[in-house]
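Sequences listed follow chains G and L, in order. Note that the working numbering gives residue 265 to position 254 of the first sequence, counting from 1, and the numbers run on in steps of one. Note that the working numbering gives residue 242 to position 179 of the second sequence, counting from 1, and the numbers run on in steps of one.
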Amino acid sequence: MARVEISQLEKSYDDVDVVRGIDIDIPDGEFVVLVGPSGCGKSTLLRMIAGLEGITDGEIRIDDTVVNDIAAKDRDIAMVFQNYALYPHMTVAENMSFALKLKGEPKPRIDDAVKRASAILGLDALLQRLPKQLSGGQRQRVAMGRAIVRDPKVFLFDEPLSNLDAKLRVQMRSEIKELHQRLKTTTIYVTHDQIEAMTMADRIVVMQGGVVEQMGAPLELYDKPANVFVATFIGSPSMNLYPGTVETSEDGLVVRTEEGATMPLPPDRKDLVGSRIVYGIRPEDIVVGSGPGAIARISTVEPTGAETLLLCKVGKVSTVVVSRERVTLGPGSDIALTFPTERLHLFDQATGRRL
Amino acid sequence: MTITASENQATAVRRNAKSRRRKLKPDPQGILIHALLIFASAIIVSPLLWMVVTTMKEQQDIFTKPLWYIPPQPRLFENIQHVFNKIDFIRYFLNSLIVSTSITVLDLFFSSMCGFALAKYRFPGRDIVFGSIIATMMIPFIVILVPQYILVRDLGWLDSYAGLIIPAAISSFGIFMMRQAFLGTPDELLEAARIDGASEWRILFQIVLPMHVPSLISLAILRFLGEWDSLLWPLVVTNGENMRTMSLGLALLQDDRYGTDIPMLMTAATLALFPIVVVYAFLQRYFIKSVAGSGLKQ
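Next up, the structure:
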């Protein structure tokens with residue numbers, strides 16, 4: 012187990028800056044998820060930590076040792092890849108024991124380590140099989156087993172569940188989390204799936220364009236997104252955003268959207284009058300059909316079983332609403348929507364920052 | 064309307080019978096294609112068959128008897144004896160075996176290393192190096208024959224195994240073939256091995272090469288066959304009896320002055336063909352797999 016400190020990390024390819032000024036301090040035993048859209052630099056950052064990619068500037072420390080110039084094999088890390096990267100001509104046991112054999116560990120110790128890891132991951136019956144004889148989930152487990160046997164200081168996961176089907180992904184998600192709770196090894200996990208990030212992480216690092224947009228506990232990011240990007244990236248379906256100007260009307264403080272609709276604001280935000288802001292509310296925070304509110308016309312109803320997604324128009328503004336109740340109304344029906352002011356998220360229109 | 068199980072079965076039986084009838088219907092296109100294939104196969108195989116049949120004949124049978132005549136008392140052993148009396152067959156055979164095997168092993172080794180570097184490492188000028196290697200494939204051997212001879216002569220390798228083996232120990236075709244094969248190896252596999260602590264040598268020999276056995280075997284077959292058949296370079300670079308290869312030996316059996324003993328020549332050729340047939344028979348499974356798989360994403 013180890014602490015990982017990343018300071019002022021930079022990575023450029025010729026003139027293109029891929030990662031800029033990254034500062035992350037990961038305490039011993041923490042499960043950190045790097046999340047962001049494709050091309051945001053999260054995998055490059057992970058590969059730099061692994062030692063598979065050079066560093067342009069900055070510093071990476073693992074347990075107080077600067078590892079910038081230390082080879083991948085000497086960093087005492089283990090990595091699980093998206094495509095598993097199992098050696099196709101080696102059996103499961105040989106795949107798992109390869110690193111220890113190269114280290115020159117005695118055979119009894121190698122056998123013990125493989126046995127222990129295979130017991131943890133339920134691979135005992137598969138040890139003599141070749142990777143091609145395994146299912147996707149089993150291969151992923153072997154890839155994790157290969158990481159576990161090394162008993163590394165840090166586990167690195169690079170989108171390990173992307174190749175699995177939806178059901179298996181959910182299962183493997185909880186298996187990885189359980190594994191972390193059991194081993195307590197510092198883990199850095201890269202994904203583009205915000206659900207994976209929310210469900211697995213102790214702390215999420217949201218990245219975009221090579222920089223960290225926000226870092227924090229999953230619910231902290233969900234409840235208090237630092238900017239418009241994080242607000243839209245975290246949470247599914249995405250937060251509803253309405254750019255507009257803050258005004259005082261007979262109904263109190265409101266935001267008048269560019270399409271002409273008015274949205275209520277809490278009375279204590281008089282400081283914002285005249286400001287151009289982005290008014291945000293999560294689909295699940297909008298209350299359907301209780302008390303006075305904006306009238307919306309339903310355009311699409313998407314029942315998922317546990318909840319129903321209503322795609323509506325408030326005036327000309329598109330709005331997504333999540334209702335926990337069974338909705339019997341169909342497209343074209345009108346419903347009343349209430350926007351609880353205590354659940355609002357307000358952002359500066361120019362900078363995108365939270366107000 | 065309800066359909067009962069028996070009705071369903073009856074329909075299925077009718078459908079099967081219909082499809083069987085369809086299969087039995089003559090397919091003119093298929094017949095034409097197969098006829099062409101059989102004809103082409105006959106053209107390729109008949110000289111080889113004639114060569115084997117001729118090993119049983121006497122010299123006068125060649126001109127007086129039909130082409131495919133097999134004598135009632137085959138003279139195979141007499142012809143073999145003639146070959147062994149006329150040339151130092153064992154010596155030539157061993158020379159060919161040593162030269163072809165050495166070239167094959169060395170080419171597999173060097174081509175794998177070059178192909179791996181060209182496929183999996185990024186370094187300045189990589190594409191220029193690769194382009195230059197490919198360009199050398201366009202140069203006919205006859206063009207470099209004299210410069211290569213002068214080089215080998217200056218190195219003192221004339222009439223030696225070194226002169227026969229070293230100039231052919233690496234081939235641009237081998238590099239090209241192995242590079243193309245290695246391109247398909249996922250980078251993550253190499254990275255996983257690096258994290259596991261493997262050196263670049265170990266990655267190549269313990270991770271990458273075992274994944275490309277069919278390509279290695281294909282290259283081995285092509286190189287071995289090519290070198291076994293090679294005539295021009297051994298002819299130029301060897302003088303003495305001791306360094307002659309099988310192809311040269313066969314050439315020596317041709318007698319311009321008194322006429323070539325054709326059954327003897329065909330017997331020697333059949334014997335010389337033997338290792339090639341053995342090598343191919345053992346490895347053809349991999350060869351076909353590699354050639355068939357070369358254009359497919361596995």
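Where is the CB? At the ideal position from N, CA and C, for every residue including glycine. In this text, all values refer to a predicted model and were calculated from it rather than measured experimentally.
For the region 222 to 231 of chain L against the region 299 to 315 of chain L, are there 3 or more C-beta pairs whose distance is under 8 Å? yes
Simplified DSSP state of G/Phe358, which is helix, strand or coil: strand
Can you name, in chain order, every residue of its own chain whose Cβ lies under 7 Å from the Cβ of G/Val332, other than the five neighbours on each side? Pro294, Ile297, Val299, Leu321, Cys323, Leu348
Here's a check: name, in chain order, each residue in its chain whose Cβ is nearer than 6 Å to the Cβ of G/Thr319, leaving out the five neighbours to either side. Ser334, Val338
Buried or exposed by the 16-neighbour rule on C-beta atoms within 10 Å, applied to G/Asp25: exposed
When the Cα of G/Asp135 is compared with those of G/Gln144, G/Ala104, G/Leu111, which residue comes out closest? G/Ala104
Output the distance between the C-alpha atoms of L/Thr330 and L/Tyr349, rounded to the nearest integer angstrom. 30 Å
Output the boundary residues of the alpha helix (DSSP H) element that contains G/Gly156. 147 to 160
Extent of the continuous beta strand (DSSP E) run through G/Thr202: 197 to 202
Taking Cβ positions, are G/Phe240 and G/Ile292 nearer each other than 9 Å? no
So within the region 241 to 320 of chain G, which uninterrupted beta strand (DSSP E) runs reach at least 3 residues, ignoring any that extend past its ends? 251 to 260, 263 to 268, 273 to 275, 287 to 292, 305 to 314
Would G/Gly147 and G/Asn106 be called neighbours here (beta carbons separated by less than 9 Å)? no
Partner residues on chain L for G/Ala13, Cβ-Cβ distance less than 9 Å: The contacting residues do not exist; G/Ala13 stays about 16 Å from chain L at best.
Expressed to the nearest angstrom, what Euclidean distance is found between the alpha-carbon atoms of G/Asp39 and G/Met226? 17 Å
Would you call G/Glu207 buried or exposed, if buried means 16 or more other Cβ atoms sit within 10 Å of its Cβ? buried
Cβ atoms of G/Gly263 and G/Leu276: under 9 Å apart, would you say? yes
Reference L/Gln243, options L/Leu214, L/His275, L/Met309, L/Arg320, closest by Cα: L/His275
With DSSP collapsed to three states, give me the class of G/Asp169. strand
Going by DSSP in three states, L/Leu294 sits in which element: helix, strand or coil? coil
Could you tell me which of L/Pro110, L/Leu295, L/Pro277 sits nearest to L/Val209, measuring between CA atoms? L/Leu295
Of all Cβ atoms in chain G, is any one closer than 9 Å to the Cβ of L/Ile270? yes
Counting contacts by CB-CB distance shorter than 9 Å, is G/Gly47 in contact with chain L? no
Given a cut-off of 9 Å on the beta-carbon distance, is the pair G/Arg86 and G/Gly62 in contact? yes
Length-filtered (4 minimum) alpha helix (DSSP H) runs lying within the region 42 to 127 of chain G: 53 to 61, 103 to 114
Under 8 Å between beta-carbons, which chain G residues line up against L/Leu111? List them in chain order, please. What L/Leu111 touches in chain G: nothing, since even the nearest Cβ is about 37 Å away.
Looking at chain G, is there any beta carbon in it that lies within less than 9 Å of the beta carbon of L/Met241? no
Closest Cα partner of G/Leu137 within the set G/Thr102, G/Ala124, G/Phe166: G/Thr102
When the Cα of L/Met241 is compared with those of L/Thr118, L/Ala182, L/Pro249, which residue comes out closest? L/Ala182
Quick check on the DSSP output: the alpha helix (DSSP H) that includes L/Arg242 runs from which residue to which? 235 to 246
Kindly confirm or deny that the region 45 to 52 of chain G and the region 210 to 224 of chain G touch, where touching means at least three C-beta pairs closer than 8 Å. yes
When the cut-off is 9 Å and only beta carbons count, does G/Pro99 lie next to chain L? yes
Going by the CB atoms, is the gap between G/Asn238 and G/Phe358 shorter than 9 Å? yes
Using 8 Å as the cut-off, can you tell me whether the region 145 to 155 of chain L makes contact with the region 319 to 327 of chain L, which would need three or more C-beta pairs spanning the two stretches below that distance? yes
Cβ contact (3+ pairs, closer than 8 Å) linking the region 122 to 139 of chain L and the region 282 to 294 of chain L: no
For the alpha helix (DSSP H) containing L/Ser175, name the first residue and the last one. 152 to 183
Residues, ordered as in the chain, of the region 255 to 266 of chain L that lie near chain G by beta-carbon distance below 8 Å: Ala255, Ala256, Arg257, Ile258, Asp259, Gly260, Ala261, Arg265
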